[in-house]
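K.L.:
The structure under discussion is supplied below as structure tokens; questions concerning it will follow.
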Amino acid sequence: MEKSENLLADAKRRKYTLAALVASMVFAVICIITGAVLSTSIHPGSTVKVHSIVPILSPTTGTTKIPMISLIFSIIATIFTEIIGFAHFTSLRSILIDEGRLDFNTNSRLFTAAKKGGWAHPNGRLMNALMSLLLVMSYASSELVVMRLFDEEAPVIDGMVGYRAGLSTSPIIIFGLSLFLQGIISLFGAYHCGLYWLESTSVLTTTKWQTERNIIVRRQHRCMRDVLQGQSTTPDPLEPSARQPSAWMANPAVKKVVIVVWGLIPVYALWGAIIYVLSIYVNTRVFESANIATIGHGSQKLSDISWAFLPNINTLSFGVSYNNADRRGLPSAGWALLLLVFMTMQSCLTLMLHYCEAIINTTRDEQVWRRAAGGRGVAISQQGPLRATLSSWRNVFLLVAKSFYWMFGHSLTVEAAVVGYNFDGIEVVATCAQLWYLSIVLVGFAIITTLIAIYKPHGPQPAAYGHFQTLADLIDEWPPEEPIPGNKLHPVLHWGHKSNKDGVCHAGTSSDKSLVHPVHMKGMYGGELDEESSSTANMQSV
Numbered sequence: 203m204e205k206s207e208n209l210l211a212d213a214k215r216r217k218y219t220l221a222a223l224v225a226s227m228v229f230a231v232i233c234i235i236t237g238a239v240l241s242t243s244i245h246p247g248s249t250v251k252v253h254s255i256v257p258i259l260s261p262t263t264g265t266t267k268i269p270m271i272s273l274i275f276s277i278i279a280t281i282f283t284e285i286i287g288f289a290h291f292t293s294l295r296s297i298l299i300d301e302g303r304l305d306f307n308t309n310s311r312l313f314t315a316a317k318k319g320g321w322a323h324p325n326g327r328l329m330n331a332l333m334s335l336l337l338v339m340s341y342a343s344s345e346l347v348v349m350r351l352f353d354e355e356a357p358v359i360d361g362m363v364g365y366r367a368g369l370s371t372s373p374i375i376i377f378g379l380s381l382f383l384q385g386i387i388s389l390f391g392a393y394h395c396g397l398y399w400l401e402s403t404s405v406l407t408t409t410k411w412q413t414e415r416n417i418i419v420r421r422q423h424r425c426m427r428d429v430l431q432g433q434s435t436t437p438d439p440l441e442p443s444a445r446q447p448s449a450w451m452a453n454p455a456v457k458k459v460v461i462v463v464w465g466l467i468p469v470y471a472l473w474g475a476i477i478y479v480l481s482i483y484v485n486t487r488v489f490e491s492a493n494i495a496t497i498g499h500g501s502q503k504l505s506d507i508s509w510a511f512l513p514n515i516n517t518l519s520f521g522v523s524y525n526n527a528d529r530r531g532l533p534s535a536g537w538a539l540l541l542l543v544f545m546t547m548q549s550c551l552t553l554m555l556h557y558c559e560a561i562i563n564t565t566r567d568e569q570v571w572r573r574a575a576g577g578r579g580v581a582i583s584q585q586g587p588l589r590a591t592l593s594s595w596r597n598v599f600l601l602v603a604k605s606f607y608w609m610f611g612h613s614l615t616v617e618a619a620v621v622g623y624n625f626d627g628i629e630v631v632a633t634c635a636q637l638w639y640l641s642i643v644l645v646g647f648a649i650i651t652t653l654i655a656i657y658k659p660h661g662p663q664p665a666a667y668g669h670f671q672t673l674a675d676l677i678d679e680w681p682p683e684e685p686i687p688g689n690k691l692h693p694v695l696h697w698g699h700k701s702n703k704d705g706v707c708h709a710g711t712s713s714d715k716s717l718v719h720p721v722h723m724k725g726m727y728g729g730e731l732d733e734e735s736s737s738t739a740n741m742q743s744v
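Each residue of the sequence shown is one higher than the last, beginning at 203 in the numbering used here.
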């Protein structure tokens, strides 16, 4: 009865995930259609007409309107890429379980590939590379959607020429197309999973699911061995440890992520320094080639430069401009070049934030397991992805870090000049102050992620960090996933000392808190419950 209810629950959760995936693809199609319609609309001017840029809002000299509109598009990009990414991640986990290669609950979906089906598999190397490219493209194009339009015929406000926001139709189409293709790949990944779609990302639920199907077999006499000690072939009794190994020591992927995070900081700091030098040098010299010009805005006197968080006309900057001769709009090749520049500059940041999920989710899995040693225990009932994310401060921290895309958008912007509705030119502007601000924020982000990675949990409970075989060895009794009749609360899992026989202790789990006790720190652990004790415990848990 319980298994049939679980199958129905899995089917329901799968339906919700696929519905969210389809909704994301529908939104992508809407973006494509909207961009296409706007690109064909024509804004008449005095003599010619402008394509691909739609002016919005009224002229202003403020610096907050455009960044706020850009923030909206960054949030939209984050929401829909996360939805699609969850479906892609879920299909990858299911495939890895089928291949017997899912060692840890957390895997970087873009850097872990399925072996079955070859390179063309939805979770194979080729499709993972394409997903990485599309992910970078979606964030880069979202930063290009909103641009600053300087209107030479706009009224002068407070002695300054006002500007207004403009929507770029080509990036809207590219944004929708990148989302749609990501959704297609994720949808095919779900199709290849068939009936073996594993919806839950809960580390305990997945461990139980695999042990029930003998995908993972529990090994005896390892009740006090953590993820590092559990690899030993000689499970001799040992004393509990007061501190457990860190995620840095337990999962090789975590160490790589920390190195990548710290390695990205000097890249952006050095880039900011280069922009600083170019802005001063090019400020006195303008090089022109055909319709292309390089323009610097800088001063050796730092007091003459604006260091505001949001860039303005006094911000130290270096730009490359294109002056349009016929004033009919930016050529199609120009948008492709702009997108390529943004993707190149933003790719490291995008992939780094994606890779950081290895640290966040690995340590989150460990915190879930360590609740079993607490007074309330830990429930193994499955949580929805949104609830699971919001219930962990680590995941919320990573979601907030996605605002780095928005901050990056301040350091590399696109500005266009119009005369009425006539397109006059476009300029790509890089600012050094915003790059340095981003570098400073990345330092704080790197410090926090490093502290999370090297933290050693307190207490004798062996650390697993989402390693399924280790959890299977440590959990000797599983409670039912559904509430016991007459009890509204979901059963929970408790971990602690359970028995002492011939000087060898045994630690394990139970749904009955009275069957587990504090661990003897001087005891030798490596025993097992006898059949009578085990059957009695099972009867009491039911």
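Glycine included, each C-beta is placed from N, C-alpha and C at the ideal position.
Per DSSP, which one or two residues make a beta bridge with Lys703?
P.N.:
Paired residues: Val706.
K.L.:
Might you give, ordered along the chain, the residues of its own chain that have their beta carbon closer than 8 Å to the beta carbon of Glu730, omitting 5 neighbours on each side?
P.N.:
Cβ neighbours of Glu730 beyond the five flanking positions: Gln422, His423, Cys425, Asp678, His708.
K.L.:
Which two residues bound the contiguous alpha helix (DSSP H) that contains Ala560?
P.N.:
Run containing Ala560: 559-572, per the alpha helix (DSSP H) assignment.
K.L.:
Considering only their Cβ atoms, is the gap separating Ser641 from Gly474 smaller than 8 Å?
P.N.:
Yes, Cβ-Cβ distance for Gly474 and Ser641 is below 8 Å.
K.L.:
For His696, name the three-state secondary structure that DSSP assigns.
P.N.:
Residue state, collapsed to three classes: strand.
K.L.:
Starting from Ala367, trace the beta strand (DSSP E) in both directions and tell me its first and last residue.
P.N.:
365-370 is the span of the beta strand (DSSP E), which, as asked, contains Ala367.
K.L.:
What is the DSSP secondary structure of Gln446, reduced to helix, strand or coil?
P.N.:
Gln446 falls in the coil class under three-state DSSP.
K.L.:
With burial defined as no fewer than 16 other Cβ atoms inside 10 Å of the residue's Cβ, what is the status of Leu588: buried or exposed?
P.N.:
Classification of Leu588: exposed, given that the 10 Å Cβ count is below 16.
K.L.:
Please report how far the alpha carbon of Ile234 lies from the alpha carbon of Pro373, in whole angstroms.
P.N.:
Taking the straight line from one Cα to the other gives about 10 Å.
K.L.:
If we require 3 or more residues per run, which beta strand (DSSP E) segments fall completely within the region 625-677?
P.N.:
The qualifying runs do not exist here; there are none.
K.L.:
Do three or more CB pairs link the region 439-453 to the region 655-662 at distances below 8 Å?
P.N.:
Touching, per the Cβ criterion.
K.L.:
Less than 8 Å between the CB atoms is what I'm expecting for Thr633 and Leu518, so what's the real figure, rounded?
P.N.:
7 Å between Cβ atoms; contact.
K.L.:
Looking at C-alpha atoms only, which residue of Ile255, Arg303, Val224 is the closest neighbour of Ser388?
P.N.:
Ranking the options by Cα distance to Ser388, first place goes to Val224.
K.L.:
Going by C-alpha distance, which of Gly698, Val616, Ala222 is nearest Pro269?
P.N.:
Among Gly698, Val616, Ala222, the Cα nearest to that of Pro269 is on Val616.
K.L.:
Determine the DSSP secondary structure at His394, reduced to helix, strand or coil.
P.N.:
Three-state DSSP puts His394 in a helix.
K.L.:
Around the Cβ of Tyr483, are there at least 16 other Cβ atoms within 10 angstroms (buried) or fewer (exposed)?
P.N.:
It counts as exposed.
K.L.:
On the premise that Gly521 lies in contact with Val631, defined as a C-beta separation below 8 Å, what is that separation, rounded to the nearest angstrom?
P.N.:
Their Cβ separation, rounded to whole angstroms, is 4 Å, which keeps Val631 and Gly521 in contact under 8 Å.
K.L.:
Taking the alpha-carbon of Glu301 as reference, which of Ser334, Phe313, Asn325, Phe288 has the nearest alpha-carbon?
P.N.:
Per the Cα distances, Asn325.
K.L.:
Applying the 10 Å Cβ sphere with the 16-neighbour rule, what's the burial state of Pro513?
P.N.:
It counts as buried.
K.L.:
Quick one: what's got a C-beta closer than 8 Å to Ile418's C-beta in the same chain, skipping five residues either side?
P.N.:
So the list reads Thr409, Gln412, Phe670, Gln671, Ala674, once near-sequence residues are dropped.
K.L.:
Ends of the alpha helix (DSSP H) at Ala315?
P.N.:
Counting along the chain, Ala315 falls outside any alpha helix (DSSP H), and DSSP gives it neither H nor E.
K.L.:
Quickly, what does DSSP pair Tyr607 with across the bridge? List them, please.
P.N.:
None, per the DSSP bridge assignment.
K.L.:
I think Met227 touches Phe382, with their Cβ atoms under 8 Å apart; what is that distance to the nearest whole Å?
P.N.:
Indeed they touch by this definition, with Cβ atoms about 6 Å apart.
K.L.:
Would you decide whether Met339 is buried or exposed? Buried here means 16 or more other CB atoms lie within 10 Å of its CB.
P.N.:
Counting Cβ neighbours within 10 Å, Met339 comes out buried, since at least 16 surround it.
K.L.:
Relative to the C-alpha of Trp450, which residue among Ala665, Ser293, His699 is closest?
P.N.:
Nearest option by C-alpha distance: Ala665.
K.L.:
Terminal residues of the continuous beta strand (DSSP E) containing Ser519?
P.N.:
Start and end: 519-525.
K.L.:
Which residues mark the beginning and the end of the alpha helix (DSSP H) in which Thr409 is found?
P.N.:
Residues 405-414.
K.L.:
Would you call the region 561-576 in contact with the region 695-709, where contact means no fewer than 3 C-beta pairs closer than 8 Å?
P.N.:
Yes, since at least three Cβ pairs between the region 561-576 and the region 695-709 fall closer than 8 Å, the two stretches touch.
K.L.:
How do the region 721-730 and the region 592-610 stand: do at least 3 beta-carbon pairs fall below 8 Å, yes or no?
P.N.:
They do not touch, by the three-pair rule.
K.L.:
Rounded to whole angstroms, what's the CA-CA distance from Gly320 to Met329? Just pull it up for me.
P.N.:
The straight-line gap from Cα to Cα measures roughly 10 Å.
K.L.:
Taking the alpha-carbon positions, what's the Val405 to Gly611 distance?
P.N.:
If I take the Cα positions, the gap works out to 36 Å.
K.L.:
What would DSSP say about Leu440, mapped onto helix, strand or coil?
P.N.:
If DSSP states are grouped into helix, strand and coil, Leu440 belongs with the strands.
K.L.:
By how many angstroms is the C-alpha of Lys217 removed from the C-alpha of Arg415?
P.N.:
Each residue's Cα considered, the two are about 23 Å apart.
K.L.:
I think Leu259 touches Arg366, with their Cβ atoms under 8 Å apart; what is that distance to the nearest whole Å?
P.N.:
Leu259 to Arg366, Cβ: 5 Å. Contact.
K.L.:
In three-state DSSP terms, what is Tyr727?
P.N.:
In the structure shown, Tyr727 sits in a strand (DSSP, three-state: E or B).
K.L.:
Leaving out the 5 sequence neighbours to the left and right, which residues in its chain are closer than 8 Å to Ala221 when beta-carbon positions are compared?
P.N.:
If we look at Ala221 and ignore the five residues flanking it on each side, it has no Cβ neighbours.
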